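Using my numbering, the letters of the sequence shown map in sequence onto residues 12 to 301. Right, one structure below, let's go through it.
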Amino acid sequence: MSIGKNQLPRVGAHKSIANGITKAIDRGINSTCECLQIFTRPPRRWDAGRLTLDKNHVKDFIDKAKKANYFDTAIHMPYLPNISSPDDTLYLRSINVLKEEISKSHLLSSPYVISHLGSPKTESRQFAVKRVAEALDLALESRMDPTMILLENSTAKKREWGKTVEDIAEVINSVDNSKYIGMCFDTAHAYASGYDISSPETLHEIFDRIDELLGENRVQLIHLNDSKGSLNSGIDHHEHIGRGNIGIECFRELMQHSRFKSISMILETPKDELINDKDNLDLLRSLRNK
Ligand SMILES: [Zn+2]
Ligand SMILES: [Zn+2]
Numbered sequence: 012m013s014i015g016k017n018q019l020p021r022v023g024a025h026k027s028i029a030n031g032i033t034k035a036i037d038r039g040i041n042s043t044c045e046c047l048q049i050f051t052r053p054p055r056r057w058d059a060g061r062l063t064l065d066k067n068h069v070k071d072f073i074d075k076a077k078k079a080n081y082f083d084t085a086i087h088m089p090y091l092p093n094i095s096s097p098d099d100t101l102y103l104r105s106i107n108v109l110k111e112e113i114s115k116s117h118l119l120s121s122p123y124v125i126s127h128l129g130s131p132k133t134e135s136r137q138f139a140v141k142r143v144a145e146a147l148d149l150a151l152e153s154r155m156d157p158t159m160i161l162l163e164n165s166t167a168k169k170r171e172w173g174k175t176v177e178d179i180a181e182v183i184n185s186v187d188n189s190k191y192i193g194m195c196f197d198t199a200h201a202y203a204s205g206y207d208i209s210s211p212e213t214l215h216e217i218f219d220r221i222d223e224l225l226g227e228n229r230v231q232l233i234h235l236n237d238s239k240g241s242l243n244s245g246i247d248h249h250e251h252i253g254r255g256n257i258g259i260e261c262f263r264e265l266m267q268h269s270r271f272k273s274i275s276m277i278l279e280t281p282k283d284e285l286i287n288d289k290d291n292l293d294l295l296r297s298l299r300n301k
């Protein structure tokens, strides 16, 4: 039986698009993913590399995704764009990439485009709020259904910002069309940034704060990662579920509490030989199905 929205949290993983975008769906099915996250281009380049996305690729992707019940696929922005950049050339280039990903999200019927807030370098936080809000307003001009931009909390390395709920709230409140902006909550980034989500009580406190500042149902996606870095370490190092410093109780609560049931959840755990995505997903389902 397939799981629809509003029954239980759907769990899946980030999958590679190597050798073609539809390969990500095959990889997702192989790993028993119920939902999917992809890059639509090589994440450390500005161009699309060898990856092509013509009409046939789009049709194949949509057909396969439909069969696999992947209706909530998330597209993660590549790493180089910086929508807080004080450098105008880099800033405009970054907005263009965001626009391209928004258009692919529409083409591929994949609703979520995930972006980090980037880095204003030596400029102020006020500068960054304005810069990101402007970038989002410009990018949203060409938006079509079903696309939403999700802002992901970061660990804020290298003068980045966007690690706090307040950062994300301030941006959302400065965007004209904020109904198309949501949040992607990354558990490892939150923990390494000082949010102690290791117990159900503290996890709910943080989500209460998110609801209060951003409004209810703003979190559309959760990145499920345990953390190698300790609390408030600023170290962005993902770990397999239940094997890091966050620990299993956080993930048990995410799987079991009705508050999270309509949020799609994506693993970004290490790709190693010890534990694979299917193992992590089986563990999550064993928590969910109790
Ligand atoms: Zn991310
Ligand atoms: Zn993430």
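In this text, a Cβ means the ideal position worked out from N, Cα and C, and glycines have one as well. Treat the numbers as computed from the prediction; the structure is a model and nothing was measured.
Asked: Residues near R254 by beta carbon distance below 7 Å, same chain, minus five either side; Found: D237
Asked: Short Cβ contact (9 Å threshold) for S126 with P92; Found: yes
Asked: Segment limits, alpha helix (DSSP H) that includes F262; Found: I259 to Q267
Asked: Selected residue, minimal CA-CA separation from E227, among H234, S165 and F218; Found: F218
Asked: For G240, the three-state DSSP class (helix, strand or coil); Found: coil
Asked: Own chain residues within Cβ distance below 6 Å of P53, not counting five before or after; Found: G60
Asked: Contact test: C44 Cβ vs ligand 2 heavy atom, cutoff 8 Å; Found: no
Asked: Within 9 Å, strictly: CB atoms of S204 and G258; Found: no
Asked: E250, DSSP secondary structure in three states; Found: strand
Asked: Under 9 Å between C-beta atoms of R263 and V22; Found: no
Asked: Contact under 9 Å by Cβ, Q231 with C195; Found: yes
Asked: Supposed contact pair V108 and P89 - C-beta distance, whole angstroms, cut 8 Å; Found: 7 Å
Asked: Environment of S95 [buried if 16+ CB atoms lie within 10 Å]; Found: buried
Asked: Cα-Cα separation between L62 and K34, rounded to whole angstroms; Found: 12 Å
Asked: Assumed close pair N9, L151 - CB separation to whole angstroms, cut-off 8 Å; Found: Since the first and last residues shown for the chain are 12 and 301, residue 9 lies out of range.
Asked: Proximity test, N291 beta-carbon vs ligand 2 heavy atom, cut-off 8 Å; Found: no
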